[in-house]
Structure formats: C-alpha cells, structure tokens
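Visitor:
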Amino acid sequence: MTEHTDEGLVLDQWSRRLTQALQILDFEVDQKLVLELTEQSRSVSPSAGAVSALIVGYAAGLAAKVGKTESSAAVRSAAEVALQLCRDGAEGGPDAQGWTNSGQ
C-alpha cells in the first residue's frame, strides 16, 4: 500500500467511527471535497481549513434540517460557497462589501 492509500483508509475508518459516535449513520463523508476545502482555505490562513470545514458543516446541517436539501447536497453547496471565497482570497468575498459592514 502507498502512503496515500493508507491515509485514505485511515480517513475512511475515522469518518465511520466519528459518524457512528455522533449517530449520523446515514451520512457519507465526501473526503475529497473536505480535503479540497481545507487545502484551498490555506490561501486565507494556514489554520482556515479547520474553521472552514466546521462552518461548512454547520451551514449544511442547518440547510438539511429545515428540509431545503439532502445532507450531501447541502455539504456540496456550502463547500462551493466556501471554495469561491477561497478563490477570492483573504481580502475578497461577501464581508468585503456585504451586509456585515453595512450596519444592518
């Protein structure tokens, strides 16, 4: 086995253990998407990957809970928003011109 395959196996096992422990048995982790998100988030800060993954997961959970979309689709949608912000870099994105700076 190669190192990459070993890491993939470890991540599969970890994902399974964690989803079982959290009792979210119907959720399949899209590891490639999560890893891409954490990698791209480094364009903002070395530590932004963990924060990005948490916020994307939270947003996806909210969307799935209110019935807007199925959980995997909610993750993909939230991750795409985060990935777009990563492409905009540390200075771009909604906060640069969005409602948080408008006093609303």
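The opening residue of the sequence shown carries number 0 in numbering that gives the first Met the number 0; numbering runs sequentially from there. Think of the CB as a built atom: it goes at the ideal place given N, C-alpha and C, for glycine as much as any other residue. Here the structure is a predicted model, which means the values were calculated and not measured.
Does the distance from the CB of S14 to the CB of Q39 come in under 8 Å?
Guide: Contact: no.
Visitor: Do A52 and A73 count as a contact pair if the criterion is CB distance below 8 Å?
Guide: Not in contact: A73 and A52 (Cβ atoms no closer than 8 Å).
Visitor: If you compare alpha carbons, which of E6, D11, G88, L36 is closest to R75?
Guide: It is L36 whose Cα lies nearest to the Cα of R75.
Visitor: On the three-state DSSP scale, how would you describe V33?
Guide: V33 falls in the helix class under three-state DSSP.
Visitor: Please report the straight-line C-alpha distance between D16 and L10, rounded to a whole angstrom.
Guide: Note on identity: in this sequence residue 16 is Arg, with Asp being the wrong assignment. Spanning the two alpha carbons is a distance of roughly 10 Å.
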